[in-house]
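Undergrad: In mature numbering (1 follows the signal peptide of the UniProt record, and there is no 0), the protein residues as written are -17 to -1, 1 to 217.
Every residue gets a Cβ at the ideal spot worked out from N, C-alpha and C, and that includes glycine.
(1) Smallest Cα separation from residue 139: which of 71, 82 and 117?
(2) Judging by CA-CA distance, which residue of 90, 52 and 181 is the nearest neighbour of residue 77?
(3) Would you kindly work out how many angstroms separate the C-alpha atoms of residue 30 and residue 190, rounded to a whole number?
(4) Hey, quick one: how far does the alpha helix (DSSP H) through residue 79 stretch, first residue to last?
(5) Taking residue 118 as part of the alpha helix (DSSP H), name the residues at either end of that continuous run.
(6) Does the distance from the C-beta atom of residue 221 to that of residue 37 stay below 8 Å?
(7) Measuring straight from C-alpha to C-alpha, what distance separates residue 5 and residue 91?
(8) In three-state DSSP terms, what is residue 66?
(9) List the endpoints of the continuous alpha helix (DSSP H) containing residue 20.
(10) Quick one: grab the DSSP three-state call for residue 43.
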């Protein structure tokens, strides 16, 4: 165990050529630095394919309790009040269309993620492999969050019109604001749903990453098994 700890510390100090010599000393010796990078890219691509694509399907957000978009705090009182006066079905529909807008936008994340994965350097891969359980997701988030926000925001705004969310929420909020003794609300739902959609995307990538790190059965290729065996030995 001490030997492996020493070798891991060396990862941050040696050049790529020297690092390859270190890798060769591990039980899975013979794996190349390029293969390590390839294995990490495959793991991220699996997360994108297996998890993010599922969010773009109908009910991808709405029926997934891990990422389902709930109401922001300022709208919870709207929801509760409308239910009390017999408008539960309208309140239910208001929640559903927020999730529909997110589902509509997620497909735009795929090419942006793919570009980020293609741009991964060996130094990135090294840090991810020996990092914590969500290091790959963190890498992806750092490189895509700002771009995705700019991409998602107008799509979600358009999606509100596409799925009828704009009219439903205009109706909901108008009815609420007309109730005596309530404080008027006018939330920025586009910004809110954009942020929640991004959280959901990264949550599902992290799910896939953690499963690959923790379950050998999820390493569905020889490359994944060899690369993540190095992580197992750290």
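TA: Let me lay it out:
(1) With distances taken between CA atoms, residue 139 lies nearest to 82 out of 71, 82 and 117.
(2) Just measuring C-alpha positions, the residue of 90, 52 and 181 sitting nearest residue 77 is 52.
(3) C-alpha separation (whole angstroms): 8 Å.
(4) The continuous alpha helix (DSSP H) containing residue 79 extends over residues 71 to 89.
(5) In the DSSP assignment, residue 118 falls within the alpha helix (DSSP H) that extends over 118 to 145.
(6) Residue coverage of the chain in this structure runs from -17 to 217, which leaves residue 221 outside it and unanswerable.
(7) Caution is warranted here: a pLDDT of 42 is assigned to residue 5, below 50, making its placement in the model unreliable, and the coordinate value is therefore given only provisionally. Taking the straight line joining both Cα atoms gives about 40 Å.
(8) Here DSSP, grouped into helix, strand and coil, assigns residue 66 to helix.
(9) 16 to 30 is the span of the alpha helix (DSSP H), which, as asked, contains residue 20.
(10) DSSP, reduced to helix, strand and coil, places residue 43 outside both helices and strands of the structure shown, so it counts as coil.
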